[in-house]
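Residue numbers (our numbering): 12 to 286. All remarks here apply to the structure that follows.
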């Protein structure tokens with residue numbers, strides 16, 4: 012199998028599970044163009060740990076780690092199997108790269124994993140396992156964390172960083188259709204950095220991008236983006252998977268790093284440039 016691309020997805024609010032919109036359609040079209048992965052590895056901000064942990068669960072449960080949403084969301088299940096062998100491979104790779112990692116035989120799939128996976132692989136027939144997000148990560152070290160996992164993409168594993176391109180919960184307004192200007196400006200700056208393959212800009216994004224601290228008052232939903240970028244091996248094309256900006260400030264844009272067969276979305280070669 013040729014190397015699979017890596018993927019950053021904006022997983023949105025839990026309601027995204029039932030309301031795919033443009034972003035969900037983009038994910039479905041992306042998955043349809045890929046060779047079938049042997050497994051999927053997901054890094055999500057909803058599993059943060061002091062040191063890296065890797066889910067070795069054979070049958071991960073669906074975790075409904077949210078409150079105050081419509082009842083049908085709590086009935087949804089994503090019964091994909093785990094993949095203990097690839098999970099152990101991830102542990103070995105992290106340890107070899109200086110990230111002491113441990114197995115977690117109980118961990119299920121949080122909504123940062125199963126919500127976007129409902130649109131990528133709705134049949135839940137591809138094995139899935141999660142790798143935790145260390146709480147001490149910075150954008151720079153998140154690039155290295157992703158790079159440690161990169162060999163898995165050569166082995167048929169789809170590496171997914173699941174977060175949110177913008178994530179200011181204080182400014183979300185359910186039903187609001189007018190987009191706040193800062194969210195659009197931040198989204199555009201990140202898109203330009205990603206399409207240029209500019210590792211340095213991405214590492215410095217939370218300091219240099221316009222309105223960065225407003226877009227991300229906390230960093231955990233941004234960090235899966237540099238993880239996914241770091242897991243790719245430049246020079247690679249970056250494909251923009253467009254999504255709406257919902258609730259005034261929640262960008263649903265996603266990115267794929269690597270060759271996407273028969274892609275009909277405009278892409279531009281990453282040149283691996285740094286500042």
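Note that beta-carbon positions come from the ideal geometry of N, C-alpha and C, so glycine has one too.
Cβ neighbour criterion (16 or more within 10 Å) applied to residue i
i: residue 209; result: buried
i: residue 179; result: buried
i: residue 33; result: exposed
i: residue 103; result: exposed
i: residue 101; result: buried
i: residue 243; result: buried
i: residue 248; result: buried
i: residue 281; result: Below a pLDDT of 50, predicted positions are generally treated as unreliable, and residue 281, at 34, falls in that range; no measurement from the model is reported.
i: residue 181; result: exposed
i: residue 229; result: exposed
i: residue 27; result: buried
i: residue 277; result: For residue 277, the predicted structure reports a pLDDT of 32, less than 50, and the residue's modelled location is therefore unreliable. The matter cannot be settled from this model.
i: residue 192; result: exposed
i: residue 69; result: exposed
i: residue 81; result: exposed
i: residue 186; result: exposed
i: residue 78; result: exposed
i: residue 61; result: exposed
i: residue 85; result: exposed
i: residue 134; result: exposed
i: residue 221; result: exposed
i: residue 109; result: exposed
Beta-carbon separation (whole angstroms), residue i vs residue j, contact threshold 8 Å
i: residue 235; j: residue 173; result: 6 Å
i: residue 140; j: residue 98; result: 5 Å
i: residue 156; j: residue 238; result: 6 Å
i: residue 158; j: residue 241; result: 4 Å
i: residue 255; j: residue 198; result: The pair is not a contact, with the Cβ atoms about 11 Å apart (cut-off 8 Å).
i: residue 217; j: residue 232; result: With 8 Å as the limit, residue 217 and residue 232 do not qualify as a contact, their Cβ atoms being about 11 Å apart.
i: residue 44; j: residue 272; result: 5 Å
i: residue 137; j: residue 47; result: 7 Å
i: residue 16; j: residue 203; result: In fact, because the Cβ distance is near 20 Å, the residues do not count as touching under 8 Å.
i: residue 245; j: residue 143; result: Not a contact, Cβ separation roughly 25 Å.
i: residue 89; j: residue 128; result: 6 Å
i: residue 39; j: residue 122; result: In fact, because the Cβ distance is near 18 Å, the residues do not count as touching under 8 Å.
i: residue 214; j: residue 154; result: 6 Å
i: residue 126; j: residue 22; result: 5 Å
Beta-bridge pairing of residue i - partner residues as DSSP gives them
i: residue 33; result: DSSP lists no partner for residue 33.
i: residue 169; result: 51
i: residue 117; result: The partner list for residue 117 (beta bridge, DSSP) is empty, contrary to what the question assumes.
i: residue 17; result: 268
Element boundaries [alpha helix (DSSP H), containing residue i]
i: residue 71; result: First-last for residue 71: undefined, no H or E at that position.
i: residue 103; result: 95-107
i: residue 131; result: 122-131
i: residue 83; result: 82-86
i: residue 260; result: Note, residue 260: premise wrong, no alpha helix (DSSP H); not H, not E.
i: residue 235; result: 235-242
i: residue 111; result: Here residue 111 belongs to no alpha helix (DSSP H), and DSSP marks it neither H nor E.
i: residue 91; result: Premise fails: residue 91 is in no alpha helix (DSSP H) and is neither H nor E.
i: residue 150; result: 150-160
Host beta strand (DSSP E) of residue i (start-end)
i: residue 144; result: 139-145
i: residue 267; result: 265-268
i: residue 252; result: 248-252
Counting only runs of 3+ residues fully inside the stretch 19-63, write out the beta strand (DSSP E) ranges in chain order. 50-60
Ignoring anything shorter than 3 residues or poking outside the stretch 163-226, list the beta strand (DSSP E) runs there in chain order. 168-174
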